[in-house]
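S.K.: Before I ask anything, here is the structure I am working with.
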Amino acid sequence: MIKNNLVLAFRNILRNKLYTAINIVGLSIASAFCILVYLYLKNEQSFDKFHNDVNRLYRVEESDIFSKPTDDKSENGFFSFLTNTEDKKNITTTPPALAPDMKRNFPEIESAVRFEGFYKPVIKVGNQNFQEDDNIVCADADFFKVFSYPLIKGDPKTVLNGRNQVVISQRLANKYFGAADPIGKTIQLPGDTKPVLVTVNGVMKDFPANSSMQFDLIFPLESREDYKEKISNGVNSFSEVLIVKIKEGTDVFRFQQKLDVFAKTYFKSLTEFMQKQDPTTKASDTHIYLRSFADAHYNQGGAWGHYTNLKNIYQLITLAVIILVIACFNYVLLTLTNAISRSQDVGVRKTIGAGRIQIIMQYYTETQLLAFISVSAGFVLAVSVMPFFSTLTGAGISLNNFSSVNLLVLLPVLAILLGFAAGIYPAYAMSGLKPLNIMRGFSAYRINPVLSKSLIIIQFSVCVILVISSLVINKQMRFINQTEMGFDKDQVVVLHNPYDYADKQNGNRLKEAIYHYADTEPSLDGATGASFYFDVASTNGHTINGKSVPVDFLNVDYDYFKFNKIPIVKGRDFSRDIASDSARMVLSEEQKAPAGTKIRHNVVVNQTLYNMLGKPALDVYNTTIGGIIIGVCKDYHNRDLTQVIPPAYHTINRDPIFYYWLRIKAHQSIPGTMAKLKSEWNKLTNNLPLTYTFMDQDVAKSYDAYLRWMTTITVSCIIAIILACLGLFGLSGLTTINRTKEIGIRKVLGASLVNLFVLLNRGTIYLALGAFVIAVPLSWYLVNQWLQNFAYRITPDWFLFTIAGFIAIATALLAVSYHTLKAARANPVKSLRSE
């Protein structure tokens, strides 16, 4: 019977080429999307799970008593109830002394590993300088005993035991030493007061792509010259990520409870200090948390290499399900439409004794065969568009990362599920036909109109929601790109200071030389500097009006406001002629009260902070911030538009500037200017690496995640519309077949082509309008929820909804035009021949 069903299935698939092609296109597109989402999900789930004993590894975190929770609506979302734990913002770095103290107090801990990164260090090998990124770290000696990163050369137990001995990756070994053996070679690292010469004692394999940590050089933590000083600071600094490996059989829940009690005592001095700053701080707010190491990448914590946004995963899964359901609905409609012409076949088979199960199996076999073909085609399509999808999601997805077993299981399972979901109802419906009614020449099989119309309305409601979402997201992103930031970001190149913070002499010398070059180079229009970059700034906590308020602390150089075209609305700018502008204040005992953060500098505040402080007098000591306000600048955005402009003050000090800002004049050749700048940089720094970014690109980069999501919604919208149009195409075929004789009679009675087109498509227009009415309130709610991510946002207007409605009606009419025009133009003699 299976063989006969397969033969019949192949015949029917080849006989009805148009319907077969439409079904395969729809199901293969849906299958490709599902396959890509599955591969993305598996890729994200694989992060950090390759370590031995990964179930015993935990990241240590502390409750953030420095920042009070705010009523930030951007924390809410469609799937927030599923991500409460992952969204919790704790401090993910720890005091250096916490690791040895925890090992001493808790026998449950088998090992503890701390690591801390160097910030963009310049590494010297021989006479060559290399600018590295965040891939150079200090770590404890047990690093390779706790983590399963293979060593090519060196003993995992002892490779980090020696002082000033390092382990480098294969990539770094090839980069620094080529084909030579790196063992025993020396490398110069930046130090706190002077460079440090280290010896290569081991070579490790490059970390796999699904590792949150991507390190290329590991330096023994206890070899740092400031290690003892940092230990002696106790809980006064949080600088190192801490991973603990607990002993086998440890009850994690009870261990967490013990840590909670320990935290109250351990951080008591810090809590008491914070209570002086903010009386609302409570000792009960102090906690130590354990987060599973394998799940740490789902938490957006600082100092962690990879972040997986769980909300995006849930949203992608939802889109995949929606597209798959639409494709299945289409198949149901198209199959039942085509089944009208095959109802006589069902009648004959039943008349000669075929049972209902046999009819169901025949139709289901055909559907399942089509599902296997569609999934195979979908897999080929998924592989073809995988590079685009990887760019879209920001994930490095490759088939090489997945075993053939996973794929061999995935494809058949998806095909079986797809075949069952799409084929079971048509097979059941066709098997229930009565042979006597079917065999009557004047009778035709008719699909339940409520079912068909409901499927179409659901499909088009989803499409309208996606269209409105796409239009709103596009308009919001255009609004962001066109919104003035309050400072001039165009043509600004930001150079990174290549010297270590402790090397003040070289840092200041380079700054003055760069400023002089900017003043004398015709293609440049001035220079300034700052110790922060866009979207990242230090904050100080101040008690303002009885509440703890984080205030952005922006250390800038002279001419900062002039360079950025930020107006001073009250008071004055910093001046090189006034020594107190860059001097640190010495406070009297009276000025030290009340207790709290004291900035101890002359400051220029923004309008937000000035208004918070109650518009105090200028040029007098302000007890709230512990400094003298000399001026007020107009508010500007030093963070992206998802956040409101925070209160901020600007200071000048004599320490080296981290970033030099230069403006290239309009209409100047940027490549040519950068080539001259590179040449001058080499002279000034003795060929140190030049690292730079452009300010407008830094601003645009902060919205990358939203732009990717906009593209995802747009692509999903296009796919959904295509699939929904295929469904309407099927429904129009069903309608015209059922009304063939009616159309013939109307043509004989004189109905025009336009009259018939309107008559046949009136129902389609009503369905599209019904879908629009259902979709509008749902999409209004959804887009407003998404817009809560932005402090500065558009208000969805009815024009957007009108466009979406027009698109829905236009695409619906386009989808049904083929069948309706074909039926309206047909010769009525053919349809009335049997009457």
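Going by my numbering, the first residue of the sequence shown is number -5, and it counts up by one from there. We put the beta carbon where it would ideally sit given N, CA and C, even for glycine. Every value quoted in this text rests on a predicted model; they were computed, and no experiment measured them.
Expressed to the nearest angstrom, what Euclidean distance is found between the alpha-carbon atoms of Thr514 and Gly520?
M.R.: Rounded to whole angstroms, Thr514 to Gly520 spans 9 Å at the Cα level.
S.K.: In chain order, what residues of the same chain have a beta carbon less than 7 Å from the beta carbon of Thr636, not counting five sequence neighbours either side?
M.R.: Result list for Thr636: Ser68, Asn783, Phe784 and Ala785, in chain order.
S.K.: What runs of the alpha helix (DSSP H), each 4 residues or longer, lie entirely inside the segment 261 to 317?
M.R.: Listed in chain order, the complete alpha helix (DSSP H) runs (minimum 4 residues) inside the segment 261 to 317 are 262 to 271.
S.K.: Are three or more beta carbon pairs between the segment 571 to 589 and the segment 643 to 651 nearer than 8 Å?
M.R.: Contact holds: three or more Cβ-Cβ distances are below 8 Å.
S.K.: Do Leu460 and Ser710 have their C-beta atoms closer together than 8 Å?
M.R.: Contact flag set, yes.
S.K.: Rounded to whole angstroms, what is the Cα-Cα separation between Ser142 and Asp210?
M.R.: Roughly 15 Å between the two C-alpha positions.
S.K.: Over the uninterrupted alpha helix (DSSP H) stretch that includes Tyr760, give me the two end residues.
M.R.: Counting along the chain, the alpha helix (DSSP H) containing Tyr760 begins and ends at Leu747 to Leu781.
S.K.: Taking C-beta to C-beta, are Glu55 and Ile103 nearer than 8 Å?
M.R.: No, these two residues do not count as a Cβ contact at 8 Å.
S.K.: State the DSSP-derived secondary structure class of Glu69, mapped to helix, strand or coil.
M.R.: In this prediction, Glu69 scores a pLDDT of 48, lower than 50, which makes its location untrustworthy; the coordinate-derived value is nonetheless stated afterwards. DSSP places Glu69 in helix when its eight states are reduced to three.
S.K.: Determine the contact status of Thr302 and Phe41, defining contact as a CB-CB distance below 8 Å.
M.R.: In contact: Thr302 and Phe41 (Cβ atoms closer than 8 Å).
S.K.: Between the Cα of Leu402 and the Cα atoms of Phe454, Phe366, Val197 and Ala389, which residue gives the shortest distance?
M.R.: It is Phe366.
S.K.: Note the first and the last residue of the continuous alpha helix (DSSP H) segment covering Val693.
M.R.: Met689 to Lys695 is the extent of the alpha helix (DSSP H) around Val693.
S.K.: Closest to Asn306 by CA distance: which of Asn749, Thr265 and Arg702 is it?
M.R.: Closest option to Asn306, Cα to Cα, is Arg702.
S.K.: Considering only the alpha carbon of each residue, which of Ser205, Ser217, Ser22 and Val456 lies closest to Val192?
M.R.: Selected option, being the one with the closest Cα: Ser217.
S.K.: Drop a sphere of 10 angstroms on the beta-carbon of Thr477, count the other beta-carbons inside from all chains shown, and report buried for 16 or more, exposed for fewer.
M.R.: By the 10 Å Cβ count, Thr477 comes out exposed.
S.K.: Which term fits Val315, buried or exposed, when burial requires 16 or more other beta carbons within 10 angstroms of its beta carbon?
M.R.: Classification for Val315: exposed.
S.K.: Would you say the segment 492 to 506 touches the segment 527 to 542, given that touching needs at least three Cβ pairs under 8 Å?
M.R.: Too few Cβ pairs lie closer than 8 Å, so no.
S.K.: Name the two residues that bound the continuous beta strand (DSSP E) containing Phe213.
M.R.: Note, Phe213: beta strand (DSSP E), Leu211 to Pro214.
S.K.: With Glu110 as the anchor, note down where its beta strand (DSSP E) starts and where it stops.
M.R.: Looking at the DSSP string, the run of the beta strand (DSSP E) that includes Glu110 is Ile103 to Gly111.
S.K.: CB-CB under 6 Å to Val229, same chain, minus the five flanking residues each way: which ones, in chain order?
M.R.: Answer for Val229: Pro89, Phe261 and Leu264, listed in chain order.
S.K.: What are the partner residues of Ala642, as DSSP defines its beta bridges?
M.R.: Beta-bridge pairing links Ala642 to Asp546.
S.K.: In three-state DSSP terms, what is Asp128?
M.R.: Residue state, collapsed to three classes: coil.
S.K.: Quick one: what's got a C-beta closer than 8 Å to Lys199's C-beta in the same chain, skipping five residues either side?
M.R.: Closer than 8 Å at the Cβ level, and outside the excluded window around Lys199, lie Tyr143, Pro144, Leu145, Ile146, Ser163 and Gln164.
S.K.: Is the segment 241 to 258 in contact with the segment 13 to 26, if contact means three or more CB pairs nearer than 8 Å?
M.R.: These segments do not touch.
S.K.: Could you tell me which residues DSSP puts in a beta bridge with Gly196?
M.R.: Paired residues: Val161.
S.K.: Can you look up Val403 in the DSSP assignment and give me helix, strand or coil?
M.R.: Note: Val403 maps to helix in three-state DSSP.
S.K.: Looking at C-alpha atoms only, which residue of Phe124, Val543, Gln485 and Tyr325 is the closest neighbour of Gln691?
M.R.: Closest option to Gln691, Cα to Cα, is Gln485.
S.K.: Please report the straight-line C-alpha distance between Glu234 and Asn99, rounded to a whole angstrom.
M.R.: Those two C-alpha atoms are separated by around 19 Å.
S.K.: Between the alpha carbons of Lys276 and Thr796, how many angstroms are there, rounded?
M.R.: Spanning the two alpha carbons is a distance of roughly 53 Å.
S.K.: From this set, Phe793, Leu747, Leu215 and Leu722, which residue's C-alpha is nearest Ala762's C-alpha?
M.R.: Per the Cα distances, Leu722.
S.K.: Can you tell which of Val456, Gly523, Tyr283 and Pro176 has its C-alpha closest to the C-alpha of Ala798?
M.R.: Closest option to Ala798, Cα to Cα, is Val456.
S.K.: Name the DSSP beta bridge partners of Cys627, please?
M.R.: According to DSSP, Cys627 bridges with Ile562 and Asn600.
S.K.: Report the rounded CA-to-CA distance for Tyr812 versus Ser726, giving the unit in angstroms.
M.R.: Distance between the alpha carbons of Tyr812 and Ser726: 8 Å.
S.K.: Might you give, ordered along the chain, the residues of its own chain that have their beta carbon closer than 6 Å to the beta carbon of Gly111, omitting 5 neighbours on each side?
M.R.: Closer than 6 Å at Cβ, skipping near neighbours: Asp128 and Val131.
S.K.: Distance, Cα to Cα, Gly666 vs Pro683?
M.R.: In a straight line, the C-alpha of Gly666 is about 18 Å away from that of Pro683.
S.K.: Using 10 angstroms around the beta-carbon of His631, count the other beta-carbons present and answer buried if the total reaches 16, otherwise exposed.
M.R.: His631 should be labelled buried.
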